[in-house]
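Here's the structure we're looking at; comments come further down.
There are 4 protein chains.
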Amino acid sequence: MSGNTFGKLFTVTTFGESHGIALGCIVDGCPPGLELSEADLQIDLDRRKPGTSKYATQRREDDEVQILSGVFEGKTTGTSIGLLIRNKDQKSKDYSEIKDKFRPAHADYTYHQKYGVRDYRGGGRSSARETAMRVAAGAIAKKYLKQRFGIEVRGYVSQIGDIKPTSFDWDAVPQNPFFCPDQSVVPQMEALIDQLRRDGSSIGAKVTVVATGMMPGLGEPIFDRLDAELAHALMSINAVKGVEIGAGFDVVTQRGEQHRDELTPDGFESNNAGGILGGISSGQDIIAHIALKPTSSLRIPGKSIDTDGNPVEVVTLGRHDPCVGVRATPIAEAMMALVLMDHALRHRGQNADVETHTPQLAGSARIKEQE
Amino acid sequence: MSGNTFGKLFTVTTFGESHGIALGCIVDGCPPGLELSEADLQIDLDRRKPGTSKYATQRREDDEVQILSGVFEGKTTGTSIGLLIRNKDQKSKDYSEIKDKFRPAHADYTYHQKYGVRDYRGGGRSSARETAMRVAAGAIAKKYLKQRFGIEVRGYVSQIGDIKPTSFDWDAVPQNPFFCPDQSVVPQMEALIDQLRRDGSSIGAKVTVVATGMMPGLGEPIFDRLDAELAHALMSINAVKGVEIGAGFDVVTQRGEQHRDELTPDGFESNNAGGILGGISSGQDIIAHIALKPTSSLRIPGKSIDTDGNPVEVVTLGRHDPCVGVRATPIAEAMMALVLMDHALRHRGQNADVETHTPQLAGSARIKEQE
Amino acid sequence: MSGNTFGKLFTVTTFGESHGIALGCIVDGCPPGLELSEADLQIDLDRRKPGTSKYATQRREDDEVQILSGVFEGKTTGTSIGLLIRNKDQKSKDYSEIKDKFRPAHADYTYHQKYGVRDYRGGGRSSARETAMRVAAGAIAKKYLKQRFGIEVRGYVSQIGDIKPTSFDWDAVPQNPFFCPDQSVVPQMEALIDQLRRDGSSIGAKVTVVATGMMPGLGEPIFDRLDAELAHALMSINAVKGVEIGAGFDVVTQRGEQHRDELTPDGFESNNAGGILGGISSGQDIIAHIALKPTSSLRIPGKSIDTDGNPVEVVTLGRHDPCVGVRATPIAEAMMALVLMDHALRHRGQNADVETHTPQLAGSARIKEQE
Amino acid sequence: MSGNTFGKLFTVTTFGESHGIALGCIVDGCPPGLELSEADLQIDLDRRKPGTSKYATQRREDDEVQILSGVFEGKTTGTSIGLLIRNKDQKSKDYSEIKDKFRPAHADYTYHQKYGVRDYRGGGRSSARETAMRVAAGAIAKKYLKQRFGIEVRGYVSQIGDIKPTSFDWDAVPQNPFFCPDQSVVPQMEALIDQLRRDGSSIGAKVTVVATGMMPGLGEPIFDRLDAELAHALMSINAVKGVEIGAGFDVVTQRGEQHRDELTPDGFESNNAGGILGGISSGQDIIAHIALKPTSSLRIPGKSIDTDGNPVEVVTLGRHDPCVGVRATPIAEAMMALVLMDHALRHRGQNADVETHTPQLAGSARIKEQE
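Chains as they are written, first to last, in my numbering: chain A, 1 to 371; chain B, 372 to 742; chain C, 743 to 1113; chain D, 1114 to 1484.
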C-alpha cells in the first residue's frame, strides 16, 4: 500500500503509466448482487476523456475499460473486481528532449529525487491519465450509492479564471464542454480558452462536487472524519491545491451566529457546514469545492535544470489542455463517491443496529451558489 | 481503526472525552534512541492550553501529560508509547439543559444519529479537548524531525476575521496570545476579541503552517500524496472547513507561466506549489493554510430541535472562546509533523538505497506573505 | 501501527512494559449500546492472572482494569475505549544480572539487535504481562458476540507434556487450575508441575479454543481468510509455535474421502475443517489448537552471550511458571474472540443485504476429542 | 481491502476467478532500481503450474504473466507493478451439474451463504488457480531479498501421507515432481499417487519452507510478530490446516532445557525456535511447516445438499490432483518471501539508524530434519 490504494472497506488500488501498456485497478469490497457491466463505467470514462471537444487536449485516449473479474452473470459477486484499460495511443515518440530535463511545476524533479529513476514518457505515473481508473472505480461506487441509498454525486465547474456561473441549473452541466451550470457564461469560457491556446498559456479552475440524497451518520471521528477523508480524496487529484467543505475559507470572516446552520423540525436553515458536523454527515447535501492549478505544459519557455543540475529552458510543444480543471469534474465526483461508499459500508459495519426515535431532518438547505 | 488512528508507520491512536476520566493516546512506530521526557511534550501542550490568556477560554485544563511506556532510561525503545492526561476539571455540572437538545453547528445531532447515544458532557468525544493528545503525539514527531532531519514545523495565525498581519516575523509569534507574526496588528485583534466576548459572538480564523528544512522525496503517489495526507490531517482538526497547499485557491485565477515555480541551479524561484510537486516534497518549504469556523457556542440564542424533534432555543452560557482558530496553531503544527514523520519513515522503508547524482536544489523560495 | 494494533474494524492497540508504570489499550470500533463495566473485563483478567494457584507463577499482578473512555451511563458510545492497568508489583529489584546478558530462548537478543536498546526489567515489552490487555479487550468482543450473535468462545488445555484429557466436560474446565476438561487427569498434571518446579525445569502445552453458536459467512478471501486471521492472532501469543485449524496436522495422512465433512440436510457429518471452508465460517464450531513452548526461565544453567559477545551462563532464579501454556487459555480465547468480532463487523459492512433461500445447516459436528 | 490485499509496505492485491477472463495483481511498494522482467516471474510460475508431470493435474494453464506497469527500461521505478495472466483454458464446459450443488469440503456452501451468489465455474475465486498471482508477486520479493540482503527462500515437501524423506539434499528438490529432498523415497511417492489416482482418492501433505541468509531484526511485536505474519500468510494458502514455526507442535512435550536454543559466540546451538524469538528474526534460518489437506475433488461419491437444502450426491469427474500439497511448495515460498520483504522494508523504516556493538551471531543451526 505504498500510496496506490484508497479506502478501507471499499478499496481501490491502481497501476499504470501514461504511455505504458495498460492502466488497471482492483476494486475490493464491493457488495455482491450489484448489476454491473462495462457500460456502467464507460459513461463517466467518456465524460473524463480528452479529445471530446476542442476545449480539451486533442490526445485520443479511447479509455475502453474491460471488467476482468468479480462480476458473474451480470452481477457483482463480492470478490475483487479487476479493471483494465489498454493504452492505444503509445506513439513511438522521441522523448530525448524531456528525458534529462525537469519540467517546472511537474513531478519530474520530485519523482527523480525520490525514486532515482522515472518513466519520463508523457509523465509516466504522474500523468493525469492515471485518473481514468479512479473514474472507472468511482462509477461502481456511484451506482451502488444511487441504487441502495438514493445518494447522487454530481459536480460542476464553478469558476475558470475570473469567470463564474451567474445562475445555476444542473441540467445545463452536461450540455457544454465546461461542465458549467450556467449556459450564459459558456461563450466567455470558450473565448478565454481559445485565447489561452493561442498564447500557449493556461488557467486555473474551481470545481464543486455535491452529494444529494444523503443520510446522517457517515464519517468516523476522530481522524477519519468524513470531511477529512474527502479532503484527502480530493487533494489527491492531480493539480488540486485547495479543498473547501461548505462555506470553506469564507468562514474566516463569518461570525458564529451567521455560520451556524440552525435546525428546525422542517430541516436545517442553511448549509455553511457543507453537510458535515463533527466529521459526520448530517443528511444535508455534502458540498466540496476544489482549486485546480493551471497546467505547466506551456508553449511559453520556462527556466529549469537538467539531471546534472545545469540550467535549461523548457517548452511544451504539441497538444495541451489550457484548463485541466474542466476535466477534473468527473474525477472529483468519483473521489467523493469512493469516500461515501467506503463510509457507508464502515458505518453499517459498526452501527447496523443503531435505532433512534429522533426524526431525520428533512430537506437539504444549500449554499447560495446553488440556489 | 474506526477513525481514531492516524498514520501508517508512525501511528497515533487516541481516546478520551471532554469530561471523562482521562485522555490518552498510543504512539506506535517511533524509532528507538530518541531522548524523550514529559517536558518535551508539555511545551506544546501549554501552547495549546486554554486559560493562558483572557483571549482564550478560561477553562482550566492542566493538561499534564504522563509517559506510561515506550521510554526507558530517558530514551525511546521502539515499542509503543502510552500517553495519559487525567481530566481534572470535571465539575459535577448540571447537563440536563444540553442533554436532550442539539446545539446548532455542533456534533450533537450527528453523533446522536450515528451512534444512537452520546456523551453530552462538554461535547464528549467531539470536544476540541481531544486535540490535546494530537499535540502531545505531534511533539514527539517534531522532536525527531528536528534532530534527525533538521525539519522544523511552525505555525502562525494569518487572519482573524478581516484582520491580517501586515508584516512577518517568526519571532513575534510566541510573543502574543494570537500566534500573530505581526505585533502591530495585535491591538486590533485584542479589540475584536473583546468586542465579540461582549456580544456573546465569535469569529473565524486562518492559520498557516510551514515546514522548513525539508528534503525532497516525502509523499507517496497516487493516493497518499503528501498534500493529500496533509489535507486529511488538517481537515480532521475540529472547526476546519478548508485546506490550501501553497497558493491554494489563488491558483484558480493564475496563468500557467505565473504559477509554475521555475527551477535554477540556485533553487526554485517561487513557491506557489507549497513545496509539493506530484504529491512529493520538493525540498522547498511546505506551506499549508487552514480555515477555521467561528465557534457556535454563543450567548446569542439559536434555533434547534430536541431529541424528540421539537423546536427549542439554545444558548451557551459560561466561559467560551470567541476565536477557536487561535488555539489551533499548535494543533495544526502537530498534524503536519505527524504526516511528515510518517512519510519520512515510509520513504526510507521503500527508498533507502536510492542515490542520484542530481543535486538537491538549495534555498526555499517562500510565498509572499512570509517575505 | 508498528505491530501494536490488531484488527481492521474492531481494533485493539496496546502499550506497556512488564515493569513500567502501566499497561493500556485502546479498543476502537465497538458498536454502541453494549452494556459494559470493569466487572465484565475483570472476570477473564482474573482467569489469566498469575498467582492464583501454586501451579502458576507466584508473582502478584492485581490486574485491576479501569475503563477511561468510550462508556457512558453504563453503555458503549461507539467511540474509542481506553483501558488501563497500573503495574503495582514494580519491585526496585536489581536487574544488573540480566541487563547485559541475553537469556536463551527469550527475546532479549532479538530486541537488542532490532532496536539497539531494550527495557530489560522483567522482559519489558516482550513479557507475557502484555497479554493482560488482550484479555481485557477480548472480553469486550466476547460479550458482544454472545449478546448479539449467540457466539461463545471457550478454551481448555488439551495437553501438558504427555498428559492428555481422556474425557471431555466443559464444566470441568473452570474447576481446576489447569483449564483441563477432564478432572481425572488433574492429579497427574499436579504431580508433573510439582516435579518440574523442583527440577527448575518447564514443559510445553497444547491449548484448544472453540467457538460455538457460529453463523456462516465470517472471513474474507483471499488473504484475510478466517483461518489465516486466527493463525495470525493465535501465533502472536507469547510462546506459541504452532496453530492448527480443525484436524490440523492430522490431514497430512488423511485421504480425501475421510477428510471431507459431508453435508446432509441435518448438518455436517464431521468437522475436520474446524468450521472454516475456503476461509469462510460454515456455521460449525470453530476449532483451533495451539502449541506453547516450555518457558526458558529455568533454574538449570544455560549457555549464552553478553552484549559484548562474550560467553556467559544464565540462570533464572525466583518465581517462575513451569507451564506457561496453562495461563494461555483465556488469552487464546480473547484472540479468537477479537478475530470473530472484527469479521462479524466486516461481514455486515459488505454483505448486510445478502439473502439466500438456502437453509443454514443446523448442528455442529465436533472433532473426536470433544465428543 | 476486503481480504484481497496482503502486506503493509510491500503489498500484493489480487483478483481473478478460475475460469474468468484473467488473473491479475498489483504489487505496490517495491523499491526502485530492481532489474525485473517477465522471465523472473515465469520461473516460479512454471514450478507451480499444473500439467507439468503426470503426478499433478493435467489441466493446462499456460500461466504466461505480463508486466503491465512499474518497470521501465528493465528496472522497477517504485510505482505500482501491474501483473496479468490471461486464462486460456476456459472450456465452454457444462457447469449445470455443479451449479446448484455444494461440493463437500469445498468453499461452495460458504461462498454461497456469505455472498448469496458465486461464480461456480471451476471454483471461481476459491480455486487454487488464484495462487498463481501470489507466486508471481512472491518472485519479485524473492529476487529483491536475494540481491539486496542475501536472503534465500526455498521449500520442499516433507511428507506425503506416511512417506517422509529419510535424507536431506536441497539439490534433489528440483529433480523430482514432488519437491522431495530425498530422491530415494520418490518411487514410493509415485506409487502412492498412482494408486490414489486409480482409487479416485487423494492424500494430504506437509511442506517445509526455509529462509537462509537471514539477518536479525525482522518482525514487529506485539501483533505483527514475524511468526504471526508467517502463520497468517501460510494459513491463507488453499488447503492449509496447520502451521508450525521451528519445532512446532513438538514443543508440547519438550522441557525448557531441551527447547531453549543456547547461544555461544559461535552461534546458536540449535534452532527449535525456527529463527524467531519474541516475534523478531534472530538471524538463524527461518523454518516453517504447513499441513495441507487432501483435496475433496474425488471420484468417490460424497453426500451433500443442493441450494434448496435437498440431499444430493457429488462426484468429481475429469482431471484432478491426488495431492495438492505438492504444488503448494512454490506458493509457500512466495508467501514467506512476501512476509520477509514487507518486514525488511518496515524494519528499516523504523530502525534504519540503529547501531549496536553486539556481534550478530554467525552460523544458523537447523532442525534435525535438514541435517
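For every residue, glycine included, the Cβ atom is placed at its ideal position computed from N, Cα and C.
The Cβ of Gly-584/B sits no closer than 8 Å to any Cβ of chain D.
The bridge partners DSSP lists for Gly-526/B are Val-580/B. Interface residue (Cβ-Cβ distance to chain D less than 8 Å): Leu-716/B is classified as such. For a Cβ distance threshold of 8 Å, residue set Pro-31, Pro-32 and Gly-78 of chain A lies close to Asn-1093/C, ordered along the chain. Think of a sphere of 7 Å around the beta carbon of Ala-644/B: the chain A residues whose beta carbon falls inside it are Ala-105, in chain order. Under the three-state reduction of DSSP output, Gly-1361/D falls in the helix class.
The Cβ atoms of Met-586/B and Phe-520/B lie closer than 8 Å to each other. The C-beta separation of His-343/A from Leu-234/A comes to about 15 Å, leaving the pair out of contact by the 8 Å criterion. Assignment of beta-bridge partners to Gln-808/C by DSSP yields Leu-826/C.
Runs of the beta strand (DSSP E) lying entirely within the region 1008-1063 of chain C, each at least 3 residues long, are 1028-1034, 1044-1047 and 1053-1056 in chain order.
In this structure, the alpha-carbon of Leu-1122/D lies about 6 Å from that of Gly-1142/D. Of all residues in the region 4-27 of chain A, only Asn-4, Thr-5, Gly-7, Lys-8, Leu-9, Phe-10, Thr-11, Thr-13, Thr-14, Phe-15, Gly-16, Glu-17, Gly-20, Ile-21, Ala-22, Leu-23, Gly-24, Cys-25, Ile-26 and Val-27 place a beta-carbon less than 9 Å from a beta-carbon of chain D. When Ile-1018/C, Ala-849/C, Lys-817/C and Gly-766/C are compared, the shortest CA-CA separation from Glu-962/C is found for Ile-1018/C.
Here the alpha carbon of Leu-634/B sits roughly 15 Å from the alpha carbon of Ile-300/A.
For Ile-193/A, the enclosing alpha helix (DSSP H) stretches over residues 186-199. Along the region 14-55 of chain A, the beta strand (DSSP E) occurs as fully enclosed runs of 3 or more residues at 22-28, listed in sequence order.
Counted as a single uninterrupted DSSP element, the alpha helix (DSSP H) harbouring Val-1452/D occupies residues 1437-1464.
For Leu-1154/D, the closest C-alpha among the options Thr-1127/D, Leu-1197/D and Ser-1193/D is that of Leu-1197/D. In chain order, Ser-18 place their CB closer than 6 Å to the CB of Arg-129/A, counting only its own chain and leaving out the 5 sequence neighbours on each side. In the DSSP assignment, Phe-1119/D is bridged to Val-1125/D. Its chain contains Gly-590, Glu-591, Pro-592, Ile-593, Asp-595, Arg-596, Leu-597, Asp-598 and Ala-599 as the residues whose beta carbon lies nearer than 8 Å to that of Gly-650/B, once the 5 sequence neighbours on both sides are disregarded; these appear in chain order. Scanning its chain for C-beta atoms nearer than 8 Å, with the 5 sequence neighbours on each side dropped, one finds around Gln-1296/D the residues Asp-1282, Ala-1285, Gln-1288 and Asn-1289, in chain order.
At least one beta carbon of chain B lies nearer than 8 Å to the beta carbon of Val-1467/D. By the criterion of at least three beta-carbon pairs nearer than 8 Å, the region 671-691 of chain B is not in contact with the region 531-540 of chain B. Taking each of Ser-1349/D, Cys-1293/D, Asp-1232/D and Arg-1216/D in turn and checking the Cα distance to Thr-1408/D, the smallest one comes out for Arg-1216/D. In its chain, beyond the 5 residues on either side, Tyr-527, Val-528, Val-544 and Thr-700 have a beta carbon closer than 6 Å to the beta carbon of Phe-550/B. Within chain C, no C-beta atom comes less than 8 Å from the C-beta of Val-1266/D; the nearest is roughly 18 Å away. The residue among Gln-1463/D, Gly-1187/D, Val-1322/D and Ala-1445/D with its C-alpha nearest the C-alpha of Asp-1398/D is Val-1322/D. Here Thr-1100/C carries a coil assignment [DSSP, helix/strand/coil].
Counting only the Cα atoms, Ile-392/B lies some 46 Å from Asp-1374/D.
With contacts defined as CB atoms closer than 8 Å, Leu-292/A and Ala-211/A fail to qualify as a contacting pair. The CB of Arg-1461/D comes closer than 7 Å to the CB of Arg-719, Gly-720 and Ala-723 in chain B, given here in chain order.
Ala-1252/D is the residue among Val-1437/D, Ala-1252/D, Ser-1383/D and Gly-1361/D whose C-alpha sits nearest the C-alpha of Leu-1451/D. Residues of chain A whose Cβ lies closer than 9 Å to the Cβ of Phe-1185/D are, in chain order, Glu-17, Gly-20, Val-117, Arg-118, Asp-119, Tyr-120, Arg-121 and Gly-124. Taking 8 Å as the threshold, the shortest C-beta distance from Asp-417/B to chain A does not fall below it.
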